[in-house]
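Some notes on the structure that comes next.
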Amino acid sequence: MILKPEIKELMEQSVLCWLATVSEESMPNVSPKEIFTAFGQDQVIIANIASPQTVRNIKTQPQVCLSFVEVLVQKGYQLKGNARIATESDPGYQEMKQTLEDMTLGKFPFGSIIVMEVESVKPILAPSYLFYPETQEADQIQEAKRRYNLEV
Ligand SMILES: Cc1cc2nc3c(=O)[nH]c(=O)nc-3n(C[C@H](O)[C@H](O)[C@H](O)COP(=O)(O)O)c2cc1C
Numbered sequence: 001m002i003l004k005p006e007i008k009e010l011m012e013q014s015v016l017c018w019l020a021t022v023s024e025e026s027m028p029n030v031s032p033k034e035i036f037t038a039f040g041q042d043q044v045i046i047a048n049i050a051s052p053q054t055v056r057n058i059k060t061q062p063q064v065c066l067s068f069v070e071v072l073v074q075k076g077y078q079l080k081g082n083a084r085i086a087t088e089s090d091p092g093y094q095e096m097k098q099t100l101e102d103m104t105l106g107k108f109p110f111g112s113i114i115v116m117e118v119e120s121v122k123p124i125l126a127p128s129y130l131f132y133p134e135t136q137e138a139d140q141i142q143e144a145k146r147r148y149n150l151e152v
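Residue numbers for the sequence shown follow full-length UniProt numbering, so the first one is 1 and each next one is one higher.
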């Protein structure tokens, strides 16, 4: 199992992820995705709502990197692996589609799904946790709320 419960939990709490792909000409491409979730123990699925370049890139170069950060606690993960584009005719598509539609509530139609096989996972931590080991999550949340002009 590569997607341990603590990784899935933080993924669920993170609103956005950033998916990096590489074009045929070796040009990096990164774009945000909100409709993403863990699927089983080793996969992340992402709704292709409006990601033409990402999809083009994966078709010729499957290596991807996906990062997400829960912006208040300021912790996340960087995942690396290979991706493919799944469509209606793929086995298991309906189950993946249903999982993502539970998130979109049908508001954002999509005709294919990016399926990432996760091969490695690296934690992402705000530097405060590293430079000031006494930093508590509650301190980070308070500081992030101040920086984002949210209610404290
Ligand atoms: C907050 C936010 C959430 C987004 N979520 C998704 C998503 O879940 N799926 C998707 O395909 N596009 C999503 N997009 C749109 C793509 O990021 C956007 O269309 C981007 O230009 C796609 O670029 P690409 O073709 O290089 O991937 C989102 C954009 C924003 C700003």
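The C-beta atom is built at its ideal place from N, Cα and C for all residues, glycine as well.
None of these values were measured; they are calculated from a predicted model.
Here the segment 89-99 makes no contact with the segment 54-62; the two share fewer than three CB pairs at distances below 8 Å. Ranked by Cα distance from T104, the options A50, N48 and I35 are led by I35. Note on V15: under 16 other CB atoms within 10 angstroms of its CB, so exposed under the neighbour-count rule. Contact between the segment 52-59 and the segment 127-135 is absent, with fewer than three C-beta pairs closer than 8 Å. Judged by DSSP secondary structure, S67 falls within the beta strand (DSSP E) whose first and last residues are Q63 to E70. In its chain, beyond the 5 residues on either side, no residue has a beta carbon closer than 6 Å to the beta carbon of E12.
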